[in-house]
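S.K.: Per the working numbering, the sequence shown starts with residue 1497, numbered consecutively. In this text, a Cβ means the ideal position worked out from N, Cα and C, and glycines have one as well. Just so we're clear, the structure is a prediction, and the values are computed from it rather than from any experiment.
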Amino acid sequence: MSDVSNLRSTINAFYQAQDQALENRKTSGEPGGDITHALSIIRRILPPLPDTGPLSEWLSQTIAVLESEHQNYCQQEEDLTGCGSATFGELLTRLISLEPTLAMTY
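As structure tokens, then:
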């Protein structure tokens, strides 16, 4: 699997997991607005995958942007440990786990 495919797969798996978490919350009668809000921010700020150039650069820049937005979200929403914060944390964890692999590729 190419690095772009691997990144795309990781991001898609994240969105699928979050969609499932939302569905589970709806089923149990819990609100899901915090996850929905965090996802809307992530979708807005997540840059498209590059067609050319090193993916390690895209990844490090994307992680930095996500970390900054995560901090902003936590402060604005007063959500330091809630599901919205966890949504950012989940994507960051998935992307950070790819850094060593991409760093070795380039």
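Whole angstroms is fine: what's the gap from S1501's alpha carbon to G1578's?
M.R.: Distance between the alpha carbons of S1501 and G1578: 31 Å.
S.K.: Might you give, ordered along the chain, the residues of its own chain that have their beta carbon closer than 6 Å to the beta carbon of Y1602, omitting 5 neighbours on each side?
M.R.: For Y1602, the predicted structure reports a pLDDT of 46, less than 50, and the residue's modelled location is therefore unreliable. A value from the coordinates is still provided. The answer, listed in chain order, is P1550, S1552.
S.K.: What's the call for T1558, buried or exposed, on a 16-neighbour Cβ count within 10 Å?
M.R.: Per the 10 Å Cβ criterion, buried.
S.K.: Can you list, in chain order, the residues of its chain whose CB lies under 8 Å from that of E1565, leaving out five sequence neighbours each side?
M.R.: These residues qualify, in order along the chain: I1537, I1538, I1541, F1584.
S.K.: Measure from the alpha carbon of I1531 to the alpha carbon of each residue in L1598, S1498, E1586, P1596, then state which is nearest.
M.R.: It is E1586.
S.K.: Let me confirm a value: A1534 is counted as buried when at least 16 other C-beta atoms fall within 10 Å, else exposed. Which label applies?
M.R.: It counts as buried.
S.K.: Looking at E1595: is its Cβ nearer than 9 Å to the Cβ of L1555?
M.R.: In this structure, L1555 lies closer than 9 Å to E1595 by Cβ.
S.K.: Work out the CA separation of D1499 and V1505 for me, nearest whole Å.
M.R.: Residue identity check: residue 1505 is Ser in the sequence provided, not Val. One C-alpha to the other measures close to 10 Å.
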